[in-house]
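Below is one structure, written out as structure tokens; comments come after it.
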Amino acid sequence: MPELPEVETIKRDLENNVIRKTITSVQVLKNNSVKNSVQTFKNILRFNQIKNIERKGKYLAFEFKKDHNFLIIHLRMTGQLIYSKKDIQNKHTRVIIHFKDHSKLYFNDIRRFGYLQIVNKKDKELIFDKLGIDPTDKGFTYEFLNTILKSKKSSLKSVLLNQNIISGIGNIYADEICFDAKLKPYRKTNALNPKEVLRLFNSIRKILDLAIKHRGTSFSDYVDANGKMGNFTKHLKVYKKERERCANCNNYSITKLKIAGRMTRFCKNCQR
DNA sequence: CTTCTTGTTACTGA
DNA sequence: ATCAGTAACAAGAA
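Residue numbering for the first sequence follows this note's numbering, beginning at 200 and increasing consecutively.
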């Protein structure tokens with residue numbers, strides 16, 4: 200699943216490839232992958248240029264040169280954004296954006312939960328403002344995190360996954376962060392002591408930075424904007440490691456349990 | 001064949 | 001108000 204590190208990797212790849220390129224045509228192969236009417240979608244994109252790319256949490260927003268419109272993209276579980284000079288269309292290709300230099304941007308999505316949506320500046324800000332703080336933002340400090348955690352009575356896992364509280368963390372990184380912070384995912388966040396909050400804060404930054412450095416995690420469909428797999432997969436300590444020996448204590452096997460409605464992996468020995 | 005998984009929203013009930 | 005739980009969406013894997 201594309202989470203913050205995967206979406207950030209794609210964003211950086213695309214910044215190197217599509218900024219200021221003129222769009223000459225747009226193919227919509229699956230109508231329900233586009234939230235606008237196909238005609239409106241094509242009309243706004245054609246002969247326009249991508250001026251800037253923003254990311255908050257798992258959302259991307261392309262800003263255009265003409266008319267102050269934004270293209271919001273959410274990849275959900277299996278969405279891919281691949282930039283290529285070749286024809287790489289496959290049966291999961293939903294949208295193709297053609298540029299003047301004959302290169303193309305492909306939106307592929309096996310399960311078709313992802314979407315593209317053109318909105319005006321005001322609506323884009325509404326969508327971004329509704330999201331919780333992005334952990335790579337300067338405003339994400341220990342004090343800020345502490346205030347969030349103290350105000351919630353729910354489990355650590357559910358707070359980490361709630362995009363309206365902190366945006367960008369999904370099931371993979373939630374478990375990896377809890378493991379790194381040595382905290383059980385079902386702990387109530389308002390009961391964490393200052394040392395534990397500090398560990399959590401450091402682990403959030405550390406794990407996400409490291410995952411971005413390794414260009415994300417590929418365990419099923421995620422690829423970067425060049426179609427290549429992410430390398431963080433081999434650094435995972437708990438995600439999909441159930442029944443394997445814990446990488447830290449080498450003594451207990453990783454427990455798999457449903458917490459906050461999601462499959463959750465942790466070491467019952469190392470995480471307190 | 002059935003069941004599970006995944007991100008997000010919507011809904012229900014406590 | 002706040003939280004937990006679940007259904008819904010699609011499609012592939014087990």
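Beta carbons are placed, not taken as given, at the ideal position from N, Cα and C, and that holds for glycine.
Owing to the predicted nature of the structure, the values given are computational and were not obtained by experimental measurement.
Look at ILE309 here: in three-state DSSP terms it is coil, with no helix or strand label. Residue state for LEU213 is assigned as helix, using DSSP reduced to three classes.
Cβ contact annotation for ASN216 (same chain, cutoff 6 Å, sequence separation greater than five): TYR282, in chain order. Counting along the chain, the unbroken alpha helix (DSSP H) around SER357 starts and ends at 355 to 360.
Around ARG310, the same chain offers MET276 and THR277 as residues with beta carbons nearer than 6 Å, after the five sequence neighbours per side are excluded. Judged by DSSP in its simplified three-state form, ILE368 adopts coil rather than helix or strand.
Distances from the CA of ILE376 to each of PRO393, LEU397 and ASN389 were compared; the closest alpha carbon is that of LEU397. For VAL437, the secondary structure class from DSSP, reduced to helix, strand or coil, is coil.
Excluding the 5 residues flanking it on each side, VAL227 has same chain C-beta neighbours closer than 8 Å at VAL233, VAL237, PHE240, LYS241, ARG293 and VAL294, in chain order. Nearest neighbour of LYS299 by Cα position, chosen from ILE218, LEU360, PHE269 and GLY256, turns out to be ILE218. As the crow flies, the alpha-carbon of VAL358 is around 27 Å from that of CYS448.
For GLU441, the closest of LYS467, GLY460 and ASP420 by C-alpha to C-alpha distance is LYS467.
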